[in-house]
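S.K.: Protein sequence lines correspond, in order, to chains A and B. Mapping to numbering that gives the first Met the number 0: the first sequence position 77 is 76, numbers consecutive. Mapping to numbering that gives the first Met the number 0: the second sequence position 20 is 19, numbers consecutive. Ideal placement from N, C-alpha and C gives every residue a C-beta, glycine not left out. Got a structure for you, questions after.
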Amino acid sequence: MFLQVVDLVKDFGGVVANNHISFDIDQGEIIGLIGPNGAGKTTLFNCIVGYHKPDSGKVIFKGKEITGFKPFMTNREGIGRTFQITKVTAGMTVLENVMVGAFCRTDQRPIAKKEALEVLGFLRLENVKDYHLNELPIASQKKVGLARALATKPELLMLDEVASGLNPKETEEMVDVLKRIHQEKKITLFLIEHVMEVVMPISQRVIVLDSGEKIAAGLPEEIVKNERVIKAYLGEKYAKGFRD
Amino acid sequence: METLRDAFDFSDFSKAERIGLGLFTIFLLVFPWLGAGSFVKAVMIQFLLFSLFGMGWNTIGGYGGQVELGKAQYVGIGAYTVALMMVWWKIPFWVSMPVGVLIAIGYSFMIGYPLFRLKGHYFAIATICTSLVLQDIFINWKLVGAAKGIELPIHDHPDFLFMQFKSDVYYFYFIMALFYAGLFYMNWFRKSKLGYQLRMIKEDEDAAESLGIDARWCKIKAYSIASAFVAVGGGFMAVYNLYIDPYSVMDLDLSIKIALMAMLGGAGSMWGPIIGAAFLIPLDRFLGSWLGGQKGLIGVDFMIYAAMIMVVSAYQPRGIWGIIEQFRRKGA
C-alpha cells in the first residue's frame, strides 16, 4: 500500500474536523477529494502532511508510519503539497522559488538551478522565470506553487484546489498539466478540488467528505449517482447534467 | 572550490554596483593617507565595525526575516573573552578572538534552540530579554570586573600579537580586512543553500516547510553565523578601545543600533547594512558631538536619528537600498 490513512481523527475542541477517516491510495493513482466548504478536506491534508497532529489514527506512507511527522519530514519522505492560496510575495523570483524546492535534494547550486529550469520548462514557465510572484497572473502563481513542489521530486503530490480562481481556458491547461505530471513523471496525485471539470475527468477514484465524515468513495461515475453526495454537495442539477 | 568561487564572484551584480564597490575599495585603501583628522578616522573605523555587525545581523534578520534585537550579548561575549584571556593568562588576541567566536557560537545554539520556538514580535522581545539578562549578570559578576569593567594592560611598544599599536592606521586596516572577509562571506552566503532556504522562510514559512526545509534548524544556523560575526567585532572593540564594561559592549542600545542600521540600509540585501552604517554612524557621531554637547540641545541628535528611520521605513520598508532598486526598476 502506498498511502494508508487509518481511522484518523482531528478534533478542534468541539468541532470534529476529521471523524474516523480511513482510506488507501495505490501508487500511480489519481484520487480526488471533494466535499462542501468546511467538510475537513484541507484539515485532512494538513494531518497527513504534518501541519496538524492528528488526535488519533495513523498515516502510513510506503510502509512507514509518518503520523505526527513535521511537514519538512513528510516532504523528505516523498510527499509534496501545494497550497490553496500561494502567498504573493515580492522577495524572490520564480526561478529562485523553484530552486528552493530543488535544494531539498541537493546542496549544489548549479544542480538546483538546472533542475529548477527543467521543472519550469516542463510547466512552460521559462518565460516568466525572472518575475516576482506579485507580478504574475493567478494561473501562473498557481503553477509556480506546483513547480516548487515538483522540484522536491515527490512521489505523492497533494494539491489543494489547484484550479480555483482560473478561467475555463486556464482550467483546461491545468488539467493537461496534471495529466502530464501523472503520465510523464509517474507521480501519484491526490487532489482537493471544487471544480468538477477538473476532478471528474482525471480522477480514477473520488473520496467525498461532509462535516468531517467520509460519506462516499468510489469511481467518479458511481459518485455522481450517490444520493448522499448529491444531497450534500453536487446538487440535483449537476448530477442530472452529468447523466445526460 | 565552488565555495571560493562563489565568494569572490560578483558577476551577478550590475556594472554600477561593481564599479561602486571597486571605487569604495580604492577609497578605503588610500583613506589613511588623505590626511583626515583622528576624529574622522575614528568615525571610519566605527563605520567599518558597524558594517561588519550589520552584515552579521543581516543573515538572520535580513535574509531570514527574524527581527533579532539581542546582538549586543555576542559583542559582549567576543569582547570579554579577548579582554579576560589577556588580563588573566596573557593570551594573544589571535588565540582569544577565535575562542570568543567559538563561545559565541556555542552560546547562540544554546539560546537559539529554545528561542526559535517563538515567532515574530515574541521572538524579538525574547532576544532583548536574553541580552539584558547577560548584561545584568556581567554588571554584578565581581570576577569579571562587574560594573567597573576591565582595562586591558597597555604595552610599552607596539605588539602585533596583542593588537596594540600607536597609530590608528593599523586598526583601520585590520577592521578593513575583517570587513572584506565579512563581505566575501556574505557574497557566498547569499548564494548558498542556507541563504535560499532562509529567504523562503521569510517569504512564507509554511510553504518553506512543505519544501523540505527545517525552518527552526535553518534559523538556528543563521543565528549562530550572525553571532560569530558580531563576536569578531566584539573582540576588535576590546583591543581597539582597551577598556570594556557591560554598558559599552552589552547595551540594548547597541543591539538596536545594529538592527536599525541594517534595516535602514536595506535588510536582506548585500549592500544594505553597509549603506545603513555609512548613513547612521557619521550622523550619530557628528550630531552627537555638535548638538549633544550644546546646552539645551541634549537628545536632539537622537530625535533626528529616529525621525530619519521613521521616514525611510514608512516610505520603503526595504530601506535605502529598496528605494534605489525601486528607481532602477522604474528606469529599466
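Is it right to say MET309 of chain B is buried, meaning 16 or more other beta carbons lie within 10 angstroms of its own, or is it exposed?
M.R.: Label assigned to MET309 of chain B: exposed.
S.K.: With burial defined as no fewer than 16 other Cβ atoms inside 10 Å of the residue's Cβ, what is the status of ILE44 of chain B: buried or exposed?
M.R.: ILE44 of chain B comes out buried.
S.K.: Mapping the DSSP letters down to three states, classify ALA216 of chain A as helix, strand or coil.
M.R.: Of the three classes helix, strand and coil, the one that applies to ALA216 of chain A here is strand, per DSSP.
S.K.: Since PRO99 of chain A meets chain B, which of its residues come closer than 8 Å, beta carbon to beta carbon?
M.R.: According to the sequence displayed, residue 99 of chain A carries Val and not Pro. Chain B residues near VAL99 of chain A: TYR195, GLN196, ARG198, MET199, ALA207, LEU210, ILE212.
S.K.: Got a sec: which bits of the stretch 246-265 of chain B sit with their beta carbon under 8 Å from any beta carbon on chain A, in order along the chain?
M.R.: Under the 8 Å Cβ criterion, the stretch 246-265 of chain B contributes no residue.
S.K.: Against chain B, with Cβ distances strictly below 8 Å, would PRO70 of chain A count as a contact?
M.R.: Cβ-Cβ to chain B under 8 Å: yes for PRO70 of chain A.
S.K.: Between B:TYR121, B:PHE122, B:ALA146, which has its C-alpha nearest LEU133 of chain B's C-alpha?
M.R.: If we check each option's Cα against that of LEU133 of chain B, B:ALA146 comes out closest.
S.K.: Using a Cβ-Cβ cut-off of 6 Å (strictly less than) and excluding sequence neighbours within five positions of SER130 of chain B, which residues of its own chain qualify?
M.R.: Counting only Cβ-Cβ distances below 6 Å, and skipping sequence neighbours, we find GLY69, ALA71, GLN72, SER254.
S.K.: Is there contact between the stretch 191-203 of chain A and the stretch 25-39 of chain A, where contact requires at least three CB pairs shorter than 8 Å?
M.R.: Segments in contact, yes.
S.K.: Excluding the five sequence neighbours on either side, which residues of its own chain have a C-beta within less than 8 Å of the C-beta of VAL176 of chain A, listed in chain order?
M.R.: Only LEU122, LYS142, LEU145 meet the Cβ criterion.
S.K.: Roughly how many whole angstroms lie between the Cα atoms of PHE108 of chain B and GLY164 of chain A?
M.R.: Straight-line Cα distance between these residues: approximately 44 Å.
S.K.: At which residues does the alpha helix (DSSP H) containing ALA266 of chain B begin and terminate?
M.R.: Premise fails: ALA266 of chain B is in no alpha helix (DSSP H) and is neither H nor E.
S.K.: Within the continuous alpha helix (DSSP H) that includes LYS218 of chain B, where are the two ends?
M.R.: It spans 214-240 - the alpha helix (DSSP H) in which LYS218 of chain B sits, taken as one unbroken run.
S.K.: Using the C-alpha atoms, what's the distance from GLU160 of chain A back to GLY62 of chain A?
M.R.: C-alpha separation (whole angstroms): 28 Å.
S.K.: Looking at C-beta atoms only, is the number of pairs between the stretch 49-61 of chain A and the stretch 106-119 of chain A that lie closer than 8 Å three or more?
M.R.: The stretch 49-61 of chain A, when compared against the stretch 106-119 of chain A, does not touch it at the 8 Å Cβ threshold.
S.K.: Do ARG80 of chain A and ALA162 of chain A have their C-beta atoms closer together than 8 Å?
M.R.: Cβ atoms of ARG80 of chain A and ALA162 of chain A: not closer than 8 Å.
S.K.: What did DSSP end up calling ASP337 of chain B once you bin it into helix, strand or coil?
M.R.: This structure leaves residue 337 of chain B out entirely; chain B is present only between 0 and 331.
S.K.: Per the contact definition of three or more C-beta pairs closer than 8 Å, is the stretch 320-331 of chain B in contact with the stretch 277-288 of chain B?
M.R.: Short answer: they don't touch.
S.K.: Within a Cβ cutoff of 6 Å, which residues of the same chain sit near TYR239 of chain B, ignoring the five residues on either side of it in sequence?
M.R.: Taken in chain order, the residues that qualify are TYR170.
S.K.: To which residues of the same chain is ARG75 of chain A closer than 8 Å at the C-beta, ignoring the five residues directly before and after it?
M.R.: Around ARG75 of chain A: CYS103.
S.K.: At 4 residues or longer, and completely inside the stretch 104-147 of chain B: list those alpha helix (DSSP H) runs for me, N to C.
M.R.: Runs of the alpha helix (DSSP H) inside the stretch 104-147 of chain B: 119-139.
S.K.: Would you say PHE68 of chain A and ILE212 of chain B are within 8 Å of each other, going by their C-beta atoms?
M.R.: Taking 8 Å as the Cβ cut-off, PHE68 of chain A and ILE212 of chain B do not qualify as a contacting pair.
S.K.: Check LEU251 of chain B in the structure and name its three-state DSSP category.
M.R.: DSSP places LEU251 of chain B in helix when its eight states are reduced to three.
S.K.: Just mark VAL143 of chain B as buried or exposed, buried being the case when its beta carbon has 16 or more other beta carbons within 10 Å.
M.R.: VAL143 of chain B should be labelled buried.
S.K.: Taking the beta strand (DSSP E) that LYS190 of chain B belongs to, which residues open and close that run?
M.R.: No beta strand (DSSP E) holds LYS190 of chain B; DSSP gives it neither H nor E.
S.K.: Looking at the unbroken beta strand (DSSP E) that takes in LEU208 of chain A, where does it start and where does it end?
M.R.: 204-209 is the extent of the beta strand (DSSP E) around LEU208 of chain A.
S.K.: Mind listing the chain B neighbours of GLY90 of chain A? Cutoff is C-beta to C-beta under 8 Å, in chain order.
M.R.: Correct list: ARG198, LYS201, GLU202, GLY267.
S.K.: Can you name the start and end residues of the alpha helix (DSSP H) that GLY77 of chain B belongs to?
M.R.: Per DSSP, GLY77 of chain B belongs to the alpha helix (DSSP H) from 71-88.
S.K.: Looking only at its own chain, which residues have a Cβ that is under 7 Å from the Cβ of GLY321 of chain B, when we skip the five neighbours before and after it?
M.R.: Hits under 7 Å: GLY265, GLN315.
S.K.: Would you mind telling me which residues of chain B sit closer than 7 Å to PHE102 of chain A, beta carbon to beta carbon, in chain order?
M.R.: Here the neighbours are LYS192, TYR195, GLN196.
S.K.: Rounded C-beta distance between LYS152 of chain A and ALA206 of chain B? I'm assuming under 8 Å.
M.R.: Wrong, their Cβ atoms sit about 17 Å apart, outside the cutoff.
S.K.: So, for PHE7 of chain B: in the same chain, excluding its five sequence neighbours on each side, which residues have a beta-carbon less than 6 Å away from its beta-carbon?
M.R.: None.
S.K.: Kindly identify the DSSP beta-bridge partner or partners of MET195 of chain A.
M.R.: In the DSSP output, where bridge partners are listed per residue, MET195 of chain A has none listed.
S.K.: Which of the three DSSP states, helix, strand or coil, is assigned to LYS168 of chain A?
M.R.: Three-state result, LYS168 of chain A: helix.
S.K.: Using a threshold of 8 Å, state whether the C-beta atoms of PHE49 of chain B and MET260 of chain B are closer than that.
M.R.: Cβ distance < 8 Å, so PHE49 of chain B and MET260 of chain B count as in contact.
S.K.: Should LYS220 of chain B go down as buried or exposed, given a rule of 16 or more other Cβ atoms within 10 Å for buried?
M.R.: Buried.
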